[in-house]
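Residue numbers (full-length UniProt numbering): 1 to 190. By construction, the Cβ of each residue, glycine as well, lies at the ideal position given by its N, Cα and C atoms. Below is one structure; the comments refer to it alone.
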Amino acid sequence: MSEGRYYPSTVTSSNGQLVDLSTRRSLTAVLPHNDSIVESVVSRAAKFQGFLPTSNFESIQATSYVAGGEFLPHYDIATPEPIYTHPNESRSSNRTDRATTIFAILDESCGSKCGTMFPRIKINWTNQDGTWCDYVDCDSETLTIKPKPGNAIFWRNRRDDNSIHPNSLHAGLPLHKGTKLGINIWAKDA
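This is the structure:
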């Protein structure tokens, strides 16, 4: 469904201008709203989030990474603070007000070290149930979700007081080989 729809992924600044594309090296395909599979995915995401109206959801975006691809640490929501940890990056981002994010992996051939990392969430898996290691990188000191087909992660981009949730900072880790294909499902504020 995404074939033939891909274009280079972009990042925009608070004034809507494109920023340094080296911060995000991937391809994006916006999936059609009227496709029955897309409608089903949005419906399930809406139910998962307490039966949100499906009109709260942006178009689903497929994201394709190849060797050399990555997305430096960023938020999925408008923020006045700089969002990149790249030493030469000082721009801020303006995403639409995405209240929540679901990122799901559809396919991968990049191995276990090219997942989605949350650099502000420190975790020690030593005393946790080892089953988690099928889904997360238990060797990482920060929460890192493995790029295993079928894996999906949900997070809120705002705290209850409507401020940006600092722990929602996340990154698509670099691919040293192979490919990774996922979908972004974003719900906006009601």
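message: Can you tell me whether residue 34 is buried or exposed? The criterion is at least 16 other CB atoms within 10 Å of its CB, across all chains shown.
response: exposed
- prompt: DSSP on residue 97, reduced to helix/strand/coil?
  reply: coil
field: Length of the line joining the Cα atoms of residue 147 and residue 161
entry: 32 Å
Contact check, residue 2 vs residue 24, beta carbons under 8 Å: no
field: Residue range of the unbroken beta strand (DSSP E) whose run includes residue 154
entry: 152-156
task: Assign residue 12 to one of three DSSP states: helix, strand, or coil.
output: strand
- request: Buried or exposed for residue 180, please, with buried defined as at least 16 other CB atoms from any protein chain shown within 10 angstroms of its CB.
  value: buried
message: If you measure between the beta carbons of residue 191 and residue 106, is that distance less than 8 Å?
response: The question about residue 191 has no answer here: the residues shown for the chain are numbered 1 through 190.
- prompt: So, do the stretch 109-123 and the stretch 164-177 have three or more beta carbon pairs nearer to each other than 8 Å?
  reply: yes
message: Going by DSSP, what residue range makes up the beta strand (DSSP E) through residue 36?
response: Per DSSP, residue 36 belongs to no beta strand (DSSP E); it is in the alpha helix (DSSP H), 36-48.
field: Cα-Cα separation, residue 129 to residue 48
entry: 25 Å
query: What are the start and end residues of the beta strand (DSSP E) that includes residue 136?
result: Counting along the chain, residue 136 falls outside any beta strand (DSSP E), and DSSP gives it neither H nor E.
field: Of the listed residues 63, 53, 42, nearest to residue 6 (C-alpha basis)
entry: 63
message: Between the alpha carbons of residue 127 and residue 138, how many angstroms are there, rounded?
response: 11 Å
message: Please state the DSSP three-state secondary structure of residue 115.
response: coil
message: Tell me the rounded alpha-carbon separation between residue 50 and residue 187.
response: 12 Å
message: To the nearest angstrom, how far is the alpha carbon of residue 131 from that of residue 125?
response: 10 Å
query: With DSSP run on the structure shown, which of helix, strand or coil describes residue 22?
result: helix
message: Which of the three DSSP states is assigned to residue 64 in this structure?
response: strand
- request: Determine the extent of the beta strand (DSSP E) in which residue 148 is found, giving its start and end residues.
  value: Taken as a continuous stretch (DSSP letters only), residue 148 belongs to no beta strand (DSSP E), as it is neither H nor E.
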